Each structure stands twice: as C-alpha cells, then as structure tokens.
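Under my numbering, the first residue of the sequence shown is numbered 242, with each subsequent residue one higher.
The beta-carbon is built from N, C-alpha and C at its ideal position, and this holds for glycine as well.
Quick caveat, the model's predicted, so the values are computed rather than measured.
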Amino acid sequence: MASIKEFQVTFDCAEPERVARFWCEVLGYVAPSPPEGFARWDDYNSSLPAGDRGAWFACSDPTGVGPRLYFQRVPEGKAVKNRVHLDVRVGTGLVGEERVAALEAECARLVALGAVRVQLLLADENNESCLAMQDVEGNEFCLD
C-alpha cells in the first residue's frame, strides 16, 4: 500500500503576500511569524537585496490538517485559465436552494475581500451547484 505524502500547493503570482493574506481569509489559514530576529515581515523584507524583497510568502492551516500554501513571485502575468484550481467546500451536504444560498453568502464575503464572482453553475443530473470565482490576482477557484 502506497503511503500518502505531505504536500503544499504553490501559487505563481505577482504579489505573494497580498495573495497569501487573501487565501488566509478564505480558508481560515494563518500567516507564519516573521523569521527569527524580525518583529515584522516588512522588517525582514527590508533586510533583503531589492530583487528578493517580497519574493515569497506562505500560510498554513492552524489545525495542521490542510496543506501549506506557498506563494512565489514570477515575472510573467497570468495568461490562461488555471490547469489546477482549489474547490472551497462551503456547501458540503447541502442541496438545492439551501446549497445555493450558502454559496452566495460565501461569495459575498469573498467579493468584499477582493475576489471576483465569475458564474453560478446550477445543479444538473451529475453535479451539485457550484460558484466559479477568481482570487485577487485572477486565479480561478470554485465555491463547492
């Protein structure tokens, strides 16, 4: 039997800390403390060479259950639809109007944080309703 490996999800982005802090709010994750010897992340970044400042940021599930999320600055902008995206499970166990109401409520919360609503996909014979969205840099994700 194969063992399950620990993993992290890595995001390429322009502003790692901004995107990481958005996902902290979405998922209830926490940002790490600044490196030892620094009171704030700004202090740490100021100590680095100009090209390395703000090059990465990370966040993690405070319960230790979910994967670590790592955000790294890349020079190119997002050009096409993600090949992989996160499904944020807010409607698990709900169906019909009750599910759509839960999706809409979470959508409203996330739009206030800078997310963009893309499209509500209503249930069909194979899938329950979900809501397609984009994060603060346009990365697609779904409320499921």
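According to DSSP, which residues form a beta bridge with residue i?
| i | result |
| --- | --- |
| residue 301 | 271 |
| residue 251 | 311 |
Does DSSP put residue i in a helix, a strand or coil?
| i | result |
| --- | --- |
| residue 327 | strand |
| residue 259 | helix |
Figure out for me which residue from the options has the closest Cα to the Cα of residue i.
| i | options | result |
| --- | --- | --- |
| residue 373 | 339, 323 and 244 | 323 |
| residue 310 | 383, 249, 291 and 272 | 249 |
| residue 307 | 369, 370, 262 and 269 | 269 |
| residue 370 | 377, 378 and 360 | 360 |
| residue 356 | 339, 382 and 255 | 382 |
| residue 313 | 377, 253 and 259 | 253 |
Between residue i and residue j, how many whole angstroms is the CB-CB distance? I'm expecting something under 8 Å.
| i | j | result |
| --- | --- | --- |
| residue 349 | residue 331 | Not quite, the Cβ-Cβ distance comes to about 12 Å (not below 8 Å), so this is no contact. |
| residue 296 | residue 257 | 7 Å |
Count the other C-beta atoms from every protein chain shown that fall within 10 angstroms of the C-beta of residue i, then say buried if there are 16 or more, exposed otherwise.
| i | result |
| --- | --- |
| residue 380 | buried |
| residue 273 | exposed |
Does the distance between the C-beta of residue i and the nearest non-hydrogen atom of the ligand FAD fall short of 7 Å?
| i | result |
| --- | --- |
| residue 300 | Judged by which ligands are present, the structure shown has none, so any question about the ligand FAD falls away. |
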